[in-house]
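Just so you know, the sequences run in chain order A and B. Using the working numbering, read the first sequence as starting at 1 and increasing by one per residue. Using the working numbering, read the second sequence as starting at 1 and increasing by one per residue.
Number of protein chains: 2
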Amino acid sequence: MTQPRRRGRRPAGEDTRTALLAAARQVFTEQGFDGATVRGIASRAEVDPAMVNHWFGGKRGLFAAAVELPADPEAVRAHVFGGDREHIAERAVRAFVTVWDSTAGGGFAALIRSAATQEAAATMMREFITAIFGEAIRDLGVDRPELRLSLFGSQLSGLGLARYVVKLEPLASADVDTLVATVGRTLQHYLTGELELP
Amino acid sequence: MTQPRRRGRRPAGEDTRTALLAAARQVFTEQGFDGATVRGIASRAEVDPAMVNHWFGGKRGLFAAAVELPADPEAVRAHVFGGDREHIAERAVRAFVTVWDSTAGGGFAALIRSAATQEAAATMMREFITAIFGEAIRDLGVDRPELRLSLFGSQLSGLGLARYVVKLEPLASADVDTLVATVGRTLQHYLTGELELP
C-alpha cells in the first residue's frame with residue numbers, strides 16, 4: 001500500500017485507523033449518526049477523509065466498527081433482503097443468531113448496555129437501524145414501512161435480550177430452526193403480513 | 001402501628017424498610033432470586049423476618065421494591081391472567097405500557113441497564129420472570145409452556161427496548177390500541193396459538 005501524501009496529517013496505517021475510531025466515537029456521540037459527517041470525523045482525527053473509505057468503506061462501516069458490531073451491516077442487509085421475499089425473516093434470524101452467537105452474547109449485551117446508559121448511544125442506534133433497514137423495507141412496497149421496521153426491530157432486539165442478556169430458557173439455547181419457526185414467523189408477518197390496525 | 005418487641009434489632013418503621021431494601025439488594029445479587037430467603041435478608045438487615053411480610057407482602061414484593069419495579073407484579077399477573085383466555089395478551093400490553101409509560105421510559109431503561117451490566121441482575125430477572133409468569137402460563141394447559149414464556153418475554157421486553165430505550169418511531173409513541181393490534185397479536189399467539197415447531 002502506498003502512503004498518501006503527508007500534509008501535516010497522520011500517515012495511513014493502523015495509527016490512522018485507531019485515530020478514526022476514537023474520533024468517530026466522539027463525533028457520533030456528540031452529533032448522532034445522521035449529524036456526523038465523514039469530513040468532520042476525519043478532521044477530528046487529523047487524517048484525510050479518503051482514509052474513512054479506505055479503512056471502513058464509508059460512514060456506516062466506520063460506525064459499525066466504532067460500536068464493535070461483529071459483522072458488516074451492509075453485507076447483512078444485502079444477504080437478508082437480497083433473496084426471495086418469503087424468507088427475509090428466516091435469513092434475518094439466521095444472520096442475527098450467527099453473528100451474535102459468535103460473540104457468546106457479550107457483544108449484544110454491550111450494545112444494549114450502551115443504548116440503555118447513554119441517550120446519545122440510543123439515538124445513534126436508532127438512526128443507524130433506520131439508515132440500514134428503512135430503505136430495504138420501503139423497497140418491499142408494503143404499507144406502513146416505518147411501523148413495520150419498528151415492530152421488526154422490537155422482536156429481533158427482544159430475541160437478543162432474551163437469548164443473550166436475560167438468558168430465558170429454552171430460548172437462550174434453542175437451535176436456530178426453532179427460532180426461525182417461532183420468532184421468524186413473527187418477523188415475516190411484521191414485514192409482509194397484513195397488519196390489522198385499529 | 002405497634003412496635004414489635006426489641007431484641008437488639010432495629011425498630012419497625014421507615015428505617016426497617018430502608019434496611020430491608022439495602023439488604024435485599026445485596027442478598028439477591030449474591031444469591032439470585034431463587035437462592036435468597038426472607039430469613040437471610042432479614043438477618044442481613046438485622047430485623048425480624050415478619051417485617052418482610054409487613055412492609056412488602058413477601059419475597060416477590062421485596063424484590064420488586066428492591067429493583068424499583070413501578071407496579072406490584074402479583075397484582076399485574078392476577079389482572080393479566082385472571083380474565084378471559086383470548087385477551088391475556090391485550091391485558092398484558094395495556095398493563096406493560098401503562099406501568100412503564102408512567103416512568104417516562106427511565107424505569108425500563110434502568111432495568112435493562114442493570115441486566116446488561118451485571119450477570120447477577122440478569123439472573124435475578126430471569127428467575128423472577130419465571131417465578132411470576134411461569135406458573136400462570138403452565139396453568140393455561142398449553143404445550144411447551146417454558147418456550148412460550150420465553151417467546152412472550154422476548155417480544156414484550158423487545159417492545160420495551162424499542163419504545164423506551166432505542167425509541168424507534170412510530171412504535172415509541174404509538175397509542176396502546178395499535179400496540180395491542182400488532183405486538184399483542186404476536187403475544188397471544190405465543191401464549192395460546194399453535195406453535196409450528198421444526
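Glycine residues also receive a C-beta, built at the ideal position from the N, C-alpha and C atoms.
Checklist entry - Helix, strand or coil: how does DSSP classify residue 36 of chain B here? => result Here residue 36 of chain B refers to the residue found at position 36 when the second sequence is read from its first residue. Coil at residue 36 of chain B, not helix or strand.
Item to check | Which of helix, strand or coil DSSP assigns to residue 90 of chain A | outcome: Indexing the first sequence from 1 puts residue 90 of chain A at position 90. Three-state result, residue 90 of chain A: helix.
Checklist entry - Exposed or buried, what is residue 141 of chain B when buried is set at 16 or more other beta-carbons lying within 10 Å of its beta-carbon? => result For the purposes of this step, residue 141 of chain B is taken as residue 141 along the second sequence, with counting starting at 1. That one is exposed.
Item to check | Partners in chain A for residue 83 of chain B, counting only beta-carbon separations shorter than 9 Å | outcome: Residue 83 of chain B sits at position 83 when you count from the first residue of the second sequence. Residues of chain A passing the Cβ test: none, with the nearest at roughly 20 Å.
Checklist entry - Span of the alpha helix (DSSP H) holding residue 188 of chain A? => result What you label residue 188 of chain A is simply residue 188 of the first sequence in a count that begins at 1. Unbroken alpha helix (DSSP H) run through residue 188 of chain A: 185 to 192.
Checklist entry - Would you report the Cα separation of residue 148 of chain B and residue 82 of chain B, rounded to the nearest angstrom? => result Translated into the one-based positions of the second sequence, residue 148 of chain B becomes position 148. Translated into the one-based positions of the second sequence, residue 82 of chain B becomes position 82. Spanning the two alpha carbons is a distance of roughly 18 Å.
Next on the checklist: Restricting to Cα atoms, I'd like to know which of B/70, B/167 and B/180 is closest to residue 195 of chain A.
Outcome noted: As a working note, residue 195 of chain A is residue 195 in the first sequence. When only C-alpha atoms are compared, the closest one is B/180.
Item to check | From B/185, B/188 and B/176, residue whose alpha carbon lies closest to that of residue 95 of chain B | outcome: What you label residue 95 of chain B is simply residue 95 of the second sequence in a count that begins at 1. Of the listed residues, the one whose Cα sits closest to residue 95 of chain B is B/176.
Checklist entry - Going along chain A in order, which residues have a C-beta closer than 8 Å to the C-beta of residue 166 of chain B? => result The residue given as residue 166 of chain B occupies position 166 in the second sequence. Per Cβ cutoff of 8 Å: 115, 122, 125, 126, 129, 153 and 157.
Checklist entry - To which residues of the same chain is residue 99 of chain B closer than 6 Å at the C-beta, ignoring the five residues directly before and after it? => result By 1-based counting over the second sequence, the position of residue 99 of chain B is 99. Here the set comprises 70 and 71.
Checklist entry - How many angstroms separate the CA atom of residue 91 of chain A from the CA atom of residue 79 of chain A? => result For the purposes of this step, residue 91 of chain A is taken as residue 91 along the first sequence, with counting starting at 1. For the purposes of this step, residue 79 of chain A is taken as residue 79 along the first sequence, with counting starting at 1. Rounded to whole angstroms, residue 91 of chain A to residue 79 of chain A spans 8 Å at the Cα level.
Next on the checklist: Against chain A, does residue 86 of chain B count as a neighbour if the rule is that its beta carbon must be under 8 Å from one of theirs?
Outcome noted: One-based indexing of the second sequence puts residue 86 of chain B at position 86. It does not; no Cβ of chain A falls within 8 Å.
Item to check | Minimum Cβ-Cβ distance from residue 90 of chain B to chain A less than 8 Å | outcome: One-based indexing of the second sequence puts residue 90 of chain B at position 90. Not one chain A Cβ lies under 8 Å of residue 90 of chain B.
Next on the checklist: Less than 8 Å between CB atoms is the rule here; does residue 101 of chain A satisfy it with respect to chain B?
Outcome noted: Counting from 1 along the first sequence, the entry for residue 101 of chain A is found at position 101. Residue 101 of chain A does not count as touching chain B.
Item to check | the region 23 to 33 of chain A / the region 119 to 127 of chain A touching (three or more Cβ pairs under 8 Å) | outcome: yes
Next on the checklist: Contact criterion: CB-CB distance below 8 Å. Does residue 173 of chain A meet it with respect to chain B?
Outcome noted: Indexing the first sequence from 1 puts residue 173 of chain A at position 173. Chain B contact via Cβ: absent.
Next on the checklist: Tell me the DSSP secondary structure of residue 70 of chain B in three-state form.
Outcome noted: Against the second sequence, residue 70 of chain B aligns to sequence position 70. Of the three classes helix, strand and coil, the one that applies to residue 70 of chain B here is coil, per DSSP.
Checklist entry - Quick one: Cα of residue 44 of chain A to Cα of residue 77 of chain A, how far? => result As a first step, residue 44 of chain A is located in the first sequence; it is residue number 44 there, counting from the start. As a first step, residue 77 of chain A is located in the first sequence; it is residue number 77 there, counting from the start. Approximately 29 Å between the Cα atoms of the pair.
Next on the checklist: For residue 13 of chain B, tell me which candidate among B/26, B/50 and B/155 has the shortest Cα-Cα distance.
Outcome noted: For this step, residue 13 of chain B is matched to residue 13 along the second sequence. Comparing Cα-Cα distances from residue 13 of chain B to each of B/26, B/50 and B/155, the minimum goes to B/50.
Item to check | Coil, strand or helix - residue 102 of chain B by DSSP | outcome: As a position in the second sequence, residue 102 of chain B is number 102, starting the count at 1. Residue state, collapsed to three classes: coil.
Checklist entry - If you count every other CB in all the chains shown that lies within 10 Å of the CB of residue 188 of chain B, and 16 or more means buried, which is it? => result Residue numbering aside, residue 188 of chain B sits at position 188 when the second sequence is read from its first letter. Residue 188 of chain B comes out buried.
Checklist entry - Contact between the region 112 to 126 of chain A and the region 109 to 122 of chain B: three or more CB pairs below 8 Å? => result yes
Checklist entry - Is it true that the region 151 to 159 of chain B meets the region 147 to 162 of chain A, where meeting means three or more beta-carbon pairs spaced less than 8 Å apart? => result yes
Checklist entry - Going by the beta-carbon positions, is the gap between residue 137 of chain A and residue 145 of chain A smaller than 8 Å? => result Here the question's residue 137 of chain A lines up with position 137 in the first sequence. Here the question's residue 145 of chain A lines up with position 145 in the first sequence. Taking 8 Å as the Cβ cut-off, residue 137 of chain A and residue 145 of chain A qualify as a contacting pair.
Item to check | Pair within 8 Å by beta-carbon distance, residue 122 of chain B and residue 166 of chain A | outcome: The residue given as residue 122 of chain B occupies position 122 in the second sequence. The residue given as residue 166 of chain A occupies position 166 in the first sequence. Taking 8 Å as the Cβ cut-off, residue 122 of chain B and residue 166 of chain A qualify as a contacting pair.
Next on the checklist: Taking the straight line between their C-alpha atoms, what separation do you get for residue 192 of chain B and residue 102 of chain B?
Outcome noted: Here residue 192 of chain B corresponds to residue number 192 of the second sequence, with the count starting at 1. Here residue 102 of chain B corresponds to residue number 102 of the second sequence, with the count starting at 1. Going from the Cα of residue 192 of chain B to the Cα of residue 102 of chain B covers about 29 Å.
Item to check | Beta-carbon spacing of residue 40 of chain A, residue 52 of chain A below 8 Å | outcome: The count along the first sequence starts at 1 and reaches residue 40 of chain A at position 40. The count along the first sequence starts at 1 and reaches residue 52 of chain A at position 52. Not a contact, by the Cβ cut-off of 8 Å.
Next on the checklist: Looking only at its chain, what residues have a beta carbon closer than 6 Å to the beta carbon of residue 62 of chain B, apart from the 5 residues adjacent to it on each side?
Outcome noted: Here the question's residue 62 of chain B lines up with position 62 in the second sequence. For residue 62 of chain B, where only same-chain residues beyond five positions count, the Cβ hits under 6 Å are 24, 52 and 56.
Checklist entry - So what's residue 118 of chain B in DSSP terms, helix, strand or just coil? => result Against the second sequence, residue 118 of chain B aligns to sequence position 118. Of the three classes helix, strand and coil, the one that applies to residue 118 of chain B here is coil, per DSSP.
Item to check | Segment limits, alpha helix (DSSP H) that includes residue 152 of chain A | outcome: By one-based count along the first sequence, residue 152 of chain A stands at place 152. Here the alpha helix (DSSP H) through residue 152 of chain A covers 145 to 160.
Item to check | Collapsed DSSP secondary structure at residue 107 of chain B in the structure displayed | outcome: Position 107 of the second sequence, counting from 1, holds the residue named residue 107 of chain B. DSSP places residue 107 of chain B in helix when its eight states are reduced to three.
Checklist entry - Is residue 158 of chain A closer than 8 Å to residue 89 of chain A when the C-beta atoms are compared? => result Indexing the first sequence from 1 puts residue 89 of chain A at position 89. Indexing the first sequence from 1 puts residue 158 of chain A at position 158. Cβ atoms of residue 89 of chain A and residue 158 of chain A: not closer than 8 Å.
Checklist entry - When you compare only the Cα positions, how much space is there between residue 54 of chain A and residue 38 of chain A? => result Position 54 of the first sequence, counting from 1, holds the residue named residue 54 of chain A. Position 38 of the first sequence, counting from 1, holds the residue named residue 38 of chain A. Distance between the alpha carbons of residue 54 of chain A and residue 38 of chain A: 12 Å.
Next on the checklist: Along the region 26 to 45 of chain A, where does the CB come closer than 9 Å to a CB of chain B? Name the residues.
Outcome noted: none
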